[in-house]
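Below, the structure is given as structure tokens:
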């Protein structure tokens with residue numbers, strides 16, 4: 001086994017005639033693989049304020065809930081269960097260092113299990129409470145319901161080996177037929193204390209509540225959480241509506257659609273009109289300056305030239321543009337308009353064709369000005 005031979009080839013271990021079992025152990029190569037790391041994580045959540053003080057529920061914050069439940073899942077799935085699956089002999093062989101520390105982690109886990117059940121009870125109480133009390137208990141609304149549902153779903157896990165290990169997958173692993181051939185002290189440890197009531201010993205305000213939840217109980221707990229979330233959202237929504245009823249009608253304070261008799265233009269439209277020197281009259285829909293210029297050109301024919309504008313002279317058109325829109329506009333567009341009108345002069349048209357042509361000329365005139 002020289003150099004890197006072991007990296008590329010299988011190797012055999014000569015163990016005489018007796019049978020031999022081998023196992024792979026996690027080596028602490030990062031800061032998250034040490035006892036000091038997980039102990040600090042446990043202390044940070046266990047030293048948090050209790051969820052009940054003097055028999056009264058305390059407000060629940062989403063960030064604290066998420067951190068507590070993540071540590072709960074981590075210590076169970078990454079530390080306690082991998083330790084127990086290796087059997088009693090393994091525990092005895094490493095008793096000098098790891099056995100007392102794993103006992104401390106198990107005690108912390110039991111307290112976290114009771115706290116999780118307390119979180120479920122608090123959310124249930126908030127869903128049934130009056131809206132003002134529910135808002136005090138859950139300042140962030142339904143977010144705590146969603147966070148706890150996600151964390152419990154992860155903790156429950158799946159029997160799919162491709163997914164992260166949860167309670168269901170660990171339960172299936174310990175029942176594998178491979179362990180049937182091992183000696184009794186090498187089989188996975190059974191932890192009935194995982195599923196016993198732990199609230200009385202570690203959380204006095206929650207005495208009498210059998211709260212440690214086995215895998216089969218998590219499914220019903222998650223389903224109950226969804227029902228509590230719906231009830232909480234319904235109560236909060238009803239409290240925000242006029243009269244406190246679940247009315248589907250629009251609230252009275254909502255503004256009417258713009259353009260009504262009592263409506264006012266949006267702020268952006270009013271500013272736009274003021275910038276252009278335009279004014280907005282109450283009760284009329286806002287008009288862009290371009291639309292106003294178009295309306296100014298729509299005057300009676302006798303006010304123009306007393307004749308069809310298609311037969312007006314170029315000077316008449318120039319004077320008209322200068323009068324309505326200023327000399328600078330006339331200088332800019334008069335040439336184009338004069339060429340168009342002059343080219344149209346003297347052309348014989350049928351009487352029925354004069355109206356469409358006149359309309360077309362006005363439209364082109366307005367588009368040039370715009």
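Residue numbers (full-length UniProt numbering): 1 to 370. All residues carry an ideal CB built from backbone N, CA and C; glycine is no exception.
Flag residue 65 as yes when its Cβ comes closer than 6 Å to any non-hydrogen atom of the ligand FAD, and as no otherwise. Absent from the structure shown: the ligand FAD. Ligands present: none.
Could you pull out every residue in the same chain whose Cβ sits closer than 7 Å to the Cβ of residue 185, ignoring the five residues on either side in sequence? Taken in chain order, the residues that qualify are 87, 88, 89.
What is the DSSP secondary structure of residue 51, reduced to helix, strand or coil? Looking at residue 51 - three-state DSSP - the assignment turns out to be coil, as it is neither helix nor strand.
The alpha helix (DSSP H) that contains residue 138, what's its start and end? Under the DSSP assignment, residue 138 falls outside any alpha helix (DSSP H); it carries neither an H nor an E label.
Rounded to whole angstroms, what's the CA-CA distance from residue 51 to residue 113? Just pull it up for me. Cα-Cα distance, rounded: 13 Å.
Taking 7 Å as the threshold (C-beta atoms), are residue 65 and residue 145 in contact? Going by C-beta atoms, residue 145 is not nearer than 7 Å to residue 65.
Could you give the distance in angstroms between the alpha-carbon of residue 95 and the alpha-carbon of residue 106? Cα atoms of residue 95 and residue 106: separation of roughly 15 Å, rounded to the nearest angstrom.
Taking the straight line between their C-alpha atoms, what separation do you get for residue 163 and residue 157? If I take the Cα positions, the gap works out to 8 Å.
Decide if residue 151 is buried, meaning its Cβ has at least 16 other Cβ atoms within 10 Å, or exposed. A buried status is given to residue 151, since no fewer than 16 other beta-carbon atoms sit within 10 Å of its beta-carbon.
DSSP three-state label for residue 345, please. In this prediction, residue 345 scores a pLDDT of 47, lower than 50, which makes its location untrustworthy; the coordinate-derived value is nonetheless stated afterwards. Coil, per DSSP.
Spatial neighbours of residue 218 within its chain, please: C-beta separation below 6 Å, excluding the five flanking residues on both sides. The answer, listed in chain order, is 152, 156.
From this set, 57, 31, 53, 45, which residue's C-alpha is nearest residue 69's C-alpha? Of the candidates 57, 31, 53, 45, the residue whose Cα lies closest to the Cα of residue 69 is 45.
Since residue 159 and residue 180 are thought to touch, with beta carbons under 8 Å apart, how far apart are those beta carbons, to the nearest angstrom? Incorrect: roughly 19 Å between the Cβ atoms, too far for contact.
How many angstroms separate the CA atom of residue 97 from the CA atom of residue 103? Their Cα atoms are separated by approximately 11 Å.
Expected contact under 8 Å - CB spacing of residue 59 and residue 182 to nearest Å: Taking the Cβ atoms as the reference, residue 59 lies roughly 50 Å from residue 182, outside the contact range of under 8 Å.
What residue range is occupied by the uninterrupted alpha helix (DSSP H) comprising residue 105? Per DSSP, residue 105 belongs to the alpha helix (DSSP H) from 98 to 128.
Does the Cβ-Cβ distance between residue 115 and residue 62 come in under 7 Å? At the C-beta level, residue 115 and residue 62 stay beyond 7 Å of one another.
Output the boundary residues of the alpha helix (DSSP H) element that contains residue 72. That run of the alpha helix (DSSP H) goes 62 to 75.
Given residue 169, which residues of its chain have a CB within under 8 Å of its CB, disregarding the five upstream and five downstream residues? Cβ neighbours of residue 169 beyond the five flanking positions: 157, 158, 159, 160, 161, 163.
Tell me the residue span of the alpha helix (DSSP H) that contains residue 152. 143 to 156 is the span of the alpha helix (DSSP H), which, as asked, contains residue 152.
Endpoints, the alpha helix (DSSP H) within which residue 82 is located: Start and end: 81 to 84.
Boundaries of the alpha helix (DSSP H) in which residue 36 is found, first to last residue: Counting along the chain, the unbroken alpha helix (DSSP H) around residue 36 starts and ends at 35 to 46.
State the DSSP-derived secondary structure class of residue 58, mapped to helix, strand or coil. It is coil, neither helix nor strand.
Distance, residue 43 Cα to residue 117 Cα: Between residue 117 and residue 43, the alpha-carbon positions lie close to 19 Å from each other.
In angstroms with no decimal places, state the Cα-to-Cα distance between residue 125 and residue 55. A direct Cα-to-Cα measurement between residue 125 and residue 55 gives close to 13 Å.
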